[in-house]
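So the structure is just underneath, and the comments pick up after that.
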Amino acid sequence: MNNSIQRKVLILLVSFAFLLSAMFSGIAFLVSFATEDQMIENVLTQEAQYLQARYQDGLTLGSRFTNIIVFAPDMALPEQYQSLLASASSGDPEVTGADGQHWHIKRLELANNKQAYLFLNATQWLAMPSLQENMTILLSVLIVVSLIIALVFAYLLTRKITSPLIELTELLSTQSHLITTSRVLKRSDEIGVLAREFERALSALQSSLLRESDFTRDVGHELRTPLAVIKNYLTLQQGRTLQPNELAELTTQVEYVTNCVDSLIALARAQEAEMHTLPLRQTIEETLMSALSPEQLDTFEFIINVPYDLKITAHKALCIVLIRNLLGNALNHATSRQLTIEATQQYWRFSNDALHVPESPMSRHTKRQSSKGFGQGLYLVNRIASAQQWHCDCAFIDNKFTLTFYWPDSPSAKKST
21 MNNSIQRKVL ILLVSFAFLL SAMFSGIAFL VSFATEDQMI ENVLTQEAQY LQARYQDGLT
81 LGSRFTNIIV FAPDMALPEQ YQSLLASASS GDPEVTGADG QHWHIKRLEL ANNKQAYLFL
141 NATQWLAMPS LQENMTILLS VLIVVSLIIA LVFAYLLTRK ITSPLIELTE LLSTQSHLIT
201 TSRVLKRSDE IGVLAREFER ALSALQSSLL RESDFTRDVG HELRTPLAVI KNYLTLQQGR
261 TLQPNELAEL TTQVEYVTNC VDSLIALARA QEAEMHTLPL RQTIEETLMS ALSPEQLDTF
321 EFIINVPYDL KITAHKALCI VLIRNLLGNA LNHATSRQLT IEATQQYWRF SNDALHVPES
381 PMSRHTKRQS SKGFGQGLYL VNRIASAQQW HCDCAFIDNK FTLTFYWPDS PSAKKST
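One gets the numbering used here by counting positions in the sequence shown from 1 and adding 20 to each.
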């Protein structure tokens, strides 16, 4: 991949290594030349001090070095040295003559405003020309070795820096479901934060897709039969007047479709809504008053054993839908006109009399059997409980059907998990 971050980081580190090598090579040559010039300048300075002392003593000016030529104030400069002095007139202490000889020039200030000149032929003293080839070879070898070491370290450093990002990219592109177990999530740096944000976003997306899939599947499964029944009754109504029992069945099917749609919509929105602390008994009573007609309230007995101060943390919309579904089941299929609702700090329980209950009333595939049995199956009720992390338990003993929901922090719920 030409645009790989690993390749870009490697190129950046290698380029930086080349730059450092070039810089240090240049510094080495500059330091060598500067050291050599400073050494020659120190020799000239010491010789100038020696000559000044001789002049003050009235002695003739003569150098101690064979390659230093001294011109006293009363001596005329030969043309060759005049040319060298003219070339160095800009203040440059060193100059190279036409014959390739390298000279260092120093003006000597004497008493009575007189001047003398020192010309040092430094050609034989220069170490750099003779060492330049050797130093070039040495530096080249050192640069090559340094670059090889830099390349190795750059490669290892690049892998260490980019491997978490590459691993995260591969997980997201090929095996996104494994990101929840990836070690990248445990990192405490920015890469770990990025991985956790990806994991959170991916989980939210997967959860949304799952809810959409469940909603589509549940709509097709739960509404197909009642809509077919409603359609059949409407077809019959075009040819004759519906009988009272048919109208009652039609009303039952419409109520079922309404409750089913409310349940599915509430389930689809459950994970997007915030949970709140709500008084349970007040919620039950408000739902009874809004869901039932005055006639149903008069003819059906509701025994509510729920403390007034009992509060639960849940989705209120789901709680209302759950109560409405269980009310509808009890109204349509209970053998006695009585429904008991009780709750404690550990559970919430609904119970009513019944002659028959399907073998698996909480299963998706359980269907009601006319007027026999508890009814349509409680698959959606179980889904609502699961969405709020309630453990659901049903029992049918001595013709009494009991449905119990255990709160998430209750001992029974923990034991079931």
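Yeah, the Cβ is synthetic: ideal placement off N, Cα and C, and Gly gets one too.
Bear in mind that the values here come from a model prediction, so they are computed numbers and not experimental data.
Check your understanding: Under a Cβ-count criterion, where at least 16 other Cβ atoms within 10 Å of its own Cβ denotes burial, should methionine 21 be classed as buried or exposed?
Key -> As a first step, residue 21 is located in the sequence shown; it is residue number 1 there, counting from the start. Since pLDDT at methionine 21 reaches only 48, below the 50 mark, its modelled position is unreliable, and no value is offered.
Check your understanding: Among Ser356, Asp373, Ser283 and Trp368, which one has its Cα closest to the Cα of isoleucine 438?
Key -> Nothing about residue 438 can be reported from this structure: the residues present for the chain run from 21 to 437 only.
Check your understanding: In chain order, what residues of the same chain have a beta carbon less than 8 Å from the beta carbon of serine 41, not counting five sequence neighbours either side?
Key -> Counted from its first residue, the sequence shown places residue 41 at position 21. Same-chain partners within the cutoff: Ile163, Ser166, Leu167 and Ala170.
Exercise for review: Pick out the complete beta strand (DSSP E) segments inside the stretch 341-377, 3 residues or longer, and give them in chain order.
Suggested key: 358-363 and 367-373
Exercise for review: Return helix, strand or coil for phenylalanine 425, following the three-state DSSP convention.
Suggested key: Here residue 425 is taken as the residue at index 405 of the sequence shown, counted from 1. Of the three classes helix, strand and coil, the one that applies to phenylalanine 425 here is strand, per DSSP.
Check your understanding: In chain order, what residues of the same chain lie with their CB nearer than 8 Å to the CB of aspartate 209, ignoring the 5 residues before and after it?
Key -> As a working mapping, residue 209 is identified with position 189 in the sequence shown. Cβ neighbours of aspartate 209 beyond the five flanking positions: none.
Exercise for review: Decide if aspartate 418 is buried, meaning its Cβ has at least 16 other Cβ atoms within 10 Å, or exposed.
Suggested key: Your numbering for residue 418 matches position 398 in the sequence shown. Burial call: exposed.
Practice item. Reducing DSSP to helix, strand and coil, say where lysine 134 ends up. Key: To locate residue 134, count along the sequence shown from 1; it is residue 114. Of the three classes helix, strand and coil, the one that applies to lysine 134 here is coil, per DSSP.
Review point. For the putative contact between valine 277 and leucine 243, defined by C-beta atoms under 8 Å, what is the C-beta separation to the nearest angstrom?
Key: Against the sequence shown, residue 277 aligns to sequence position 257. Against the sequence shown, residue 243 aligns to sequence position 223. Rounded, the Cβ-Cβ distance is 6 Å, consistent with contact.
Point to revise | Close-in-space but distant-in-sequence residues of the same chain around serine 391 (CB under 6 Å, 5 per side omitted) | key: Taking the sequence shown and counting its residues from 1, one reaches residue 391 at position 371. A caution first: serine 391 carries a pLDDT of 36, below 50, which makes its placement in the model unreliable, though a value can still be read off. Correct list: empty, nothing qualifies.
Review point. Can you check whether the CB of glutamine 26 is closer than 8 Å to the CB of threonine 245?
Key: Position 225 of the sequence shown, counted from the first residue, corresponds to residue 245. Position 6 of the sequence shown, counted from the first residue, corresponds to residue 26. Cβ distance not < 8 Å, so threonine 245 and glutamine 26 don't count as in contact.
Practice item. May I have the straight-line CA-CA distance separating isoleucine 89 from asparagine 141, to the nearest angstrom? Key: Numbered from its first residue, the sequence shown carries residue 89 at position 69. Numbered from its first residue, the sequence shown carries residue 141 at position 121. If I take the Cα positions, the gap works out to 8 Å.
Review point. Would you report the Cα separation of arginine 220 and histidine 411, rounded to the nearest angstrom?
Key: Looking up residue 220 in the sequence shown gives position 200. Looking up residue 411 in the sequence shown gives position 391. If you take the alpha carbons of arginine 220 and histidine 411, they lie about 26 Å apart.
Review point. If you run the structure through DSSP and keep just helix, strand and coil, what is arginine 127?
Key: For this step, residue 127 is matched to residue 107 along the sequence shown. Strand, per DSSP.
Check your understanding: Quick one, are the C-beta atoms of tryptophan 427 and isoleucine 332 less than 8 Å apart?
Key -> On the sequence shown, position 407 is the one that residue 427 refers to. On the sequence shown, position 312 is the one that residue 332 refers to. Yes. Within cutoff.
Review point. Glycine 348 to glutamate 266, Cα distance in whole Å?
Key: Here residue 348 is taken as the residue at index 328 of the sequence shown, counted from 1. Here residue 266 is taken as the residue at index 246 of the sequence shown, counted from 1. Glycine 348 and glutamate 266: Cα-Cα distance of roughly 18 Å.
Check your understanding: In the structure shown, what three-state DSSP assignment does glutamate 294 receive?
Key -> Numbered from 1 along the sequence shown, position 274 holds the residue referred to as residue 294. Three-state DSSP puts glutamate 294 in coil, outside helix and strand.
**Study point:** For arginine 357 and threonine 319, believed in contact at Cβ under 8 Å, the rounded distance
**Key:** Counting from one through the sequence shown, the residue named residue 319 turns up at place 299. Counting from one through the sequence shown, the residue named residue 357 turns up at place 337. The Cβ separation is near 6 Å, so the contact holds.
Point to revise | Where valine 63 falls: helix, strand or coil (DSSP) | key: Sequence index remark: in the sequence shown, residue 63 carries index 43 (1-based). Three-state result, valine 63: helix.
Review point. Alpha helix (DSSP H) containing threonine 303: first to last residue?
Key: As a working mapping, residue 303 is identified with position 283 in the sequence shown. Its alpha helix (DSSP H) spans residues 300-311.
Check your understanding: Is the Cβ-Cβ distance between leucine 81 and leucine 71 less than 8 Å?
Key -> Locating residue 81 in the sequence shown gives position 61, where the first residue counts as 1. Locating residue 71 in the sequence shown gives position 51, where the first residue counts as 1. Contact: yes.
Check your understanding: Once you ignore the five residues that flank arginine 74 on each side, which residues in its own chain have a CB closer than 8 Å to its CB?
Key -> Working through the sequence shown from its first residue, we reach residue 74 at position 54. Contacts found: Thr80, Leu81 and Gly82.
Review point. Would DSSP call alanine 108 helix, strand or coil?
Key: For the purposes of this step, residue 108 is identified with residue 88 of the sequence shown, where counting begins at 1. DSSP places alanine 108 in coil when its eight states are reduced to three.
Check your understanding: Going by C-alpha distance, which of Asp94, Leu130, Tyr175 and Gln263 is nearest serine 35?
Key -> Mapped onto the sequence shown, residue 35 falls at position 15. The residue with the shortest Cα to Cα distance from serine 35 is Tyr175.
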